[in-house]
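Residue numbers (the numbering used here): 1 to 626.
Taking it in order: structure first as structure tokens, then the write-up.
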């Protein structure tokens, strides 16, 4: 009798090597916490208020919406537990970041010495490229996406669970990464390859499912984001040639940008471009020379997770490298320490002794760069250099000041900025002098920091409508008026108190009309100021002060036709008045008539070559010429 036909099953996966020393894990946790302690001092800013407000109002994301896990479910759950306390959100973010670092460590420790794996994880944990991802609450999408992708890789490369369970859990982890942020589509090729190499009866189905999930997320993203020409997420193939080296430079040397207010501006500098291309060339040369399969696979991970954002023309942020960065540090670690699992009975290749000192120095340098960026302030204004810290600083000041006047806030709040109104009146501006240099982003910074007023609706439930306006109008008489400064500090008052000019209907002299107009302009009551100047013109049709300031006000209110006519009249009446000449030239310049403006300003330069107005004219013409 023949013995039964017993077919051999798939070979058992090798068991995990002994767990890396607990001391390495504890050391990495300590490194992560110490490097990012300052995140607990950063407040909410900009988009944070939008997601928090939706959570407070129990808003739900539509089925199939992007980032439903990170920007909807996460905020709803944490708001229910912690309310509007930024410390709780930063604690979760930091915990996710450290978890990603530990998963990276465990994956690398299967093929590299524990010290080499820990070194790579420490470099990732302290990378200055991740500054905004850790400090900005809304960057939870990056942190969740990176953590779930790291989990998927660990499940596919680890051996802690039954072989048929791990790869299917990896598919689930990848789906969660896609629901956190759609940039995870870039990991699909590597994860599909790992699924195939895992073997098992369903490896083809798992690989295809991984690719299908990525295709579904990519399709949803392409329909959700505005990617046409001129749109916020406009795509351009040429942009990839600038963004690729910029991302490589950010991933390896973002600490050099500690005083930069814009990631995009730094990434476009010649130094960043040259450095990025150089690093990429050296990296590729090392990959070719070493022929390390894990190093190449890690390179593919890095490049794949940047691919979805490489062609964006104007959207360039360091935190885009978050999920990709483990690929870079892993690839370099494999290239330095050797790659591949050791042969049976052999020992792992030793980690070069000199590399340990270099890594320690690098981690310390990155920690110093993090501290430098966290404490850097703009030279021209009392605000932090970092964009996220700046807006969080502004929002915290504004909400703290508003909280002191909570009872005075009505259902409709009008917020007024301090952007000056350019006009020459007796050689100076018609607005009160400020302590800050003129910056076109003054009002926009505060508006962005408070998420177009959503911060007020979140923090003060009595406020149903918060509006940012350049000036007040009669419709605002029943509103709470809140003038604010560039740093977010503000005042709370009502319309009558803010106006502060009694008996407006009584007859007034020319001098009184001009005084009222000046006061209204200072308080950004442009409609009232216009009324006063028009009344003054009826009393003195050819008065130069009336005409100059009326023309400047009409210009700033957007009525360029009336402004041009008024200022031309002013110059015709007083052809030697430098204020009239300056303002007429300015409106001509803004209307795209540079030849007329130069001719007008030539008369001013001949009349008063050493005046402040003449200097402004030279700066304007030089700026346009350059």
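No residue lacks a Cβ here, since even glycine has one placed at the ideal position from N, Cα and C.
Mind checking which residues open and close the beta strand (DSSP E) that includes residue i?
| i | result |
| --- | --- |
| residue 466 | 465-469 |
| residue 391 | Counting along the chain, residue 391 falls outside any beta strand (DSSP E), though it belongs to the alpha helix (DSSP H) covering 387-403. |
| residue 416 | 412-416 |
How is the alpha helix (DSSP H) around residue i delimited, first residue to last?
| i | result |
| --- | --- |
| residue 483 | Not the alpha helix (DSSP H): residue 483 falls in the beta strand (DSSP E), residues 480-483. |
| residue 166 | 166-180 |
| residue 85 | Per DSSP, residue 85 belongs to no alpha helix (DSSP H) and is neither H nor E. |
| residue 290 | 270-290 |
| residue 326 | 325-337 |
| residue 196 | 188-198 |
| residue 71 | Element bounds for residue 71: n/a, residue is neither H nor E. |
| residue 527 | 526-539 |
| residue 608 | Element bounds for residue 608: n/a, residue is neither H nor E. |
| residue 474 | Looking at the DSSP string, residue 474 is not in any alpha helix (DSSP H), and its letter there is neither H nor E. |
| residue 120 | 114-125 |
| residue 24 | 22-35 |
| residue 551 | 544-556 |
| residue 452 | Note, residue 452: premise wrong, no alpha helix (DSSP H); not H, not E. |
| residue 588 | 578-590 |
Looking at residue j and residue i, is the spacing between their C-beta atoms short of 8 Å?
| i | j | result |
| --- | --- | --- |
| residue 449 | residue 195 | no |
| residue 296 | residue 324 | no |
| residue 210 | residue 165 | no |
| residue 24 | residue 134 | no |
| residue 326 | residue 175 | no |
| residue 79 | residue 95 | no |
| residue 130 | residue 317 | no |
| residue 48 | residue 138 | yes |
| residue 84 | residue 458 | yes |
| residue 608 | residue 578 | yes |
| residue 413 | residue 360 | no |
| residue 97 | residue 32 | yes |
| residue 548 | residue 580 | yes |
| residue 557 | residue 525 | no |
| residue 124 | residue 329 | yes |
| residue 235 | residue 311 | yes |
| residue 268 | residue 239 | no |
| residue 108 | residue 117 | yes |
| residue 190 | residue 356 | no |
Spatial neighbours of residue i within its chain, please: C-beta separation below 6 Å, excluding the five flanking residues on both sides.
| i | result |
| --- | --- |
| residue 332 | none |
| residue 422 | Any reading at residue 422 must be qualified, since the residue scores a pLDDT of 46, below 50, and its modelled position is unreliable; no value is offered. |
| residue 610 | none |
| residue 437 | Only weak support is given to the placement of residue 437: the predicted model assigns it a pLDDT of 41, under 50, and the question is left unresolved by the model. |
| residue 188 | 210, 211 and 214 |
| residue 248 | 276, 279 and 280 |
| residue 307 | 186 |
| residue 76 | 55 |
Rounded to a whole number of angstroms, what is the C-alpha to C-alpha distance between residue i and residue j?
| i | j | result |
| --- | --- | --- |
| residue 112 | residue 334 | 7 Å |
| residue 634 | residue 110 | Absent from the structure is residue 634, since the part of the chain shown begins at 1 and ends at 626. |
| residue 446 | residue 389 | 13 Å |
| residue 106 | residue 259 | 35 Å |
| residue 491 | residue 470 | 16 Å |
| residue 456 | residue 410 | 11 Å |
| residue 213 | residue 183 | 12 Å |
| residue 495 | residue 479 | 7 Å |
| residue 570 | residue 371 | 56 Å |
| residue 693 | residue 287 | What the structure shows of the chain is the stretch from 1 to 626, and residue 693 is not part of that stretch, so it cannot be assessed. |
| residue 278 | residue 198 | 36 Å |
| residue 347 | residue 221 | With a pLDDT of only 45 at residue 347, under 50, the local geometry of the prediction cannot be trusted, and no value is derived from it. |
| residue 507 | residue 559 | 27 Å |
| residue 206 | residue 398 | 51 Å |
| residue 618 | residue 575 | 20 Å |
| residue 22 | residue 43 | 34 Å |
| residue 515 | residue 537 | 14 Å |
| residue 543 | residue 606 | 23 Å |
With a threshold of 8 Å on Cβ separation, who are the neighbours of residue i within its own chain once the five nearest residues in sequence on each side are excluded?
| i | result |
| --- | --- |
| residue 633 | Given that the chain is displayed from residue 1 to residue 626, the structure contains no residue 633 and the question cannot be resolved. |
| residue 616 | 582 |
Identify the residues that DSSP records as bridge partners of residue i: which are they?
| i | result |
| --- | --- |
| residue 384 | 377 |
| residue 312 | 235 |
| residue 494 | 480 |
In chain order, what residues of the same chain have a beta carbon less than 7 Å from the beta carbon of residue i, not counting five sequence neighbours either side?
| i | result |
| --- | --- |
| residue 70 | 140, 141, 144, 180 and 181 |
| residue 588 | 596, 597 and 600 |
| residue 476 | 414 and 495 |
| residue 406 | 460 |
| residue 40 | 87 and 90 |
Does the ligand ADP have even one heavy atom less than 7 Å from the beta-carbon of residue i?
| i | result |
| --- | --- |
| residue 73 | With respect to the ligand ADP, the structure offers nothing, as it holds no ligand at all. |
Closest Cβ-Cβ distance between residue i and chain D: below 8 Å?
| i | result |
| --- | --- |
| residue 155 | Looking for chain D here will not work: only one protein chain is present. |
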